[in-house]
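First up is the structure itself, then whatever we jot down about it.
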Amino acid sequence: MNQLTETSISCPYCGESIEVLLDAADIDEQYIEDCQVCCKPISFVVFENDDELNVNVYSEDDAF
Numbered sequence: 088m089n090q091l092t093e094t095s096i097s098c099p100y101c102g103e104s105i106e107v108l109l110d111a112a113d114i115d116e117q118y119i120e121d122c123q124v125c126c127k128p129i130s131f132v133v134f135e136n137d138d139e140l141n142v143n144v145y146s147e148d149d150a151f
């Protein structure tokens, strides 16, 4: 079974705090989800740090 972790992120567009679920199967993957508030596409990059799931979020205009 995959480990799911709930975390809070700030939308890079509207700045609102939203809750998202991180899946351990997505480590080192990039995917896009729409913001639950402003509906703009957020790029997510999930990574593991000290056995914890973390995420970096980017707008379409951010370089990564």
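For the sequence shown, this note's numbering assigns the number 88 to the initial residue and increments by one for each residue that follows. Beta carbons are placed, not taken as given, at the ideal position from N, Cα and C, and that holds for glycine.
{"Check": "Candidates Asp148, Cys126, Ile119 and Asp110, of which the one nearest Glu135 by Cα", "Outcome": "Asp110"}
{"Check": "Proximity winner among Asp121, Leu140, Ser104 and Val124, relative to Asp113 (alpha-carbon distances)", "Outcome": "Leu140"}
{"Check": "Exposed unless 16 or more other CB atoms sit within 10 angstroms - verdict on Ile119", "Outcome": "exposed"}
{"Check": "Nearest candidate by alpha-carbon position, reference Asp148, set Pro99, Asp121 and Glu93", "Outcome": "Pro99"}
{"Check": "Own chain, CB closer than 6 Å to Val124, minus 5 neighbours either side, in chain order", "Outcome": "Cys101 and Glu103"}
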